[in-house]
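In my numbering, the protein residues as written are 1336 to 1508.
What follows is one structure encoded as structure tokens, with my remarks underneath.
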């Protein structure tokens, strides 16, 4: 466990040396999701706090590191990074909602509240990343149709997740 903790710390410090700001932030969000998952399994409160804080810090770093957008739709750093932040936030929210371990029983209400916040955070990144792509790459006359298609696909995906996992936050969209 101590070697795993050292590996996470060194990876966190080394990521900015290898990648630009957007990619570093997105990788930090994924790393934070992994830390949340691992800390819930290993019953580590401090690691859980670190993983949750890393989600929000990664989002702030992503916003600070945003650079001029590419001319390529979907396969650009802003969209992929935002999508990674969204998926990491949604994963953390889901993990916090499904926690039913005896160790976490006295923190259940705090975990569920934090899970709702992280779910909203992930959904915000999901919607903003896709909306930005629609605004940038879809012709003005077709934008409303694109937004409707996006809303239907998002609702379908989250409805499927709700039916399979019984995750209350998936009912929002």
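Beta carbons are placed, not taken as given, at the ideal position from N, Cα and C, and that holds for glycine.
query: Does the Cβ of residue 1367 have 16 or more other Cβ atoms within 10 Å, making it buried, or fewer, making it exposed?
result: Along the chain shown, read from residue 1 onward, the residue named residue 1367 stands at position 32. So residue 1367 counts as buried.
Just to check my reading of the structure: residue 1424 and residue 1456 have Cβ atoms closer than 8 Å, yes? What is that Cβ distance to the nearest angstrom? Start at 1 with the first residue of the chain shown, and residue 1424 comes out as number 89. Start at 1 with the first residue of the chain shown, and residue 1456 comes out as number 121. Contact flag correct, Cβ pair sits at about 4 Å.
- Query: When DSSP labels each residue in this structure, what does residue 1400 get in the three-state scheme?
  - Reply: What you label residue 1400 is simply residue 65 of the chain shown in a count that begins at 1. Note: residue 1400 maps to coil in three-state DSSP.
| request: Just the C-alpha distance for residue 1443 and residue 1434, rounded to the nearest angstrom, thanks. | output: Start at 1 with the first residue of the chain shown, and residue 1443 comes out as number 108. Start at 1 with the first residue of the chain shown, and residue 1434 comes out as number 99. Roughly 8 Å separates the two Cα atoms.
Residue 1446 versus 1490, 1427, 1338, residue with shortest Cα-Cα distance: Counted from its first residue, the chain shown places residue 1446 at position 111. Of the listed residues, the one whose Cα sits closest to residue 1446 is 1427.
Query raised in the report: So residue 1387 packs on residue 1371, CB below 8 Å; how close in whole Å?
Result: Along the chain shown, one-based indexing puts residue 1387 at 52. Along the chain shown, one-based indexing puts residue 1371 at 36. The Cβ separation is near 6 Å, so the contact holds.
Excluding five sequence neighbours on each side, which residues of the same chain lie with their C-beta closer than 6 Å to the C-beta of residue 1490? Translated into the one-based positions of the chain shown, residue 1490 becomes position 155. Cβ within range, chain order: 1508.
Q.
Can you give me the C-alpha to C-alpha distance between residue 1565 and residue 1431, rounded to a whole angstrom?
A. With the chain represented from 1336 up to 1508, any question about residue 1565 goes unanswered, as that position is not in the structure.
Under 9 Å between C-beta atoms of residue 1389 and residue 1363 = Counted from its first residue, the chain shown places residue 1389 at position 54. Counted from its first residue, the chain shown places residue 1363 at position 28. Against a cut-off of 9 Å, the Cβ pair of residue 1363 and residue 1389 comes out as a contact.
| query | Shortest alpha-carbon distance to residue 1393 belongs to which of 1503, 1440, 1365, 1498? | reply | Mapped onto the chain shown, residue 1393 falls at position 58. Cα-wise, what sits closest to residue 1393 is 1365.
Extent of the continuous alpha helix (DSSP H) to which residue 1429 belongs: Residue mapping note: residue 1429 aligns to position 94 of the chain shown, counting from 1. Taken as a continuous stretch (DSSP letters only), the alpha helix (DSSP H) holding residue 1429 covers 1412 to 1432.
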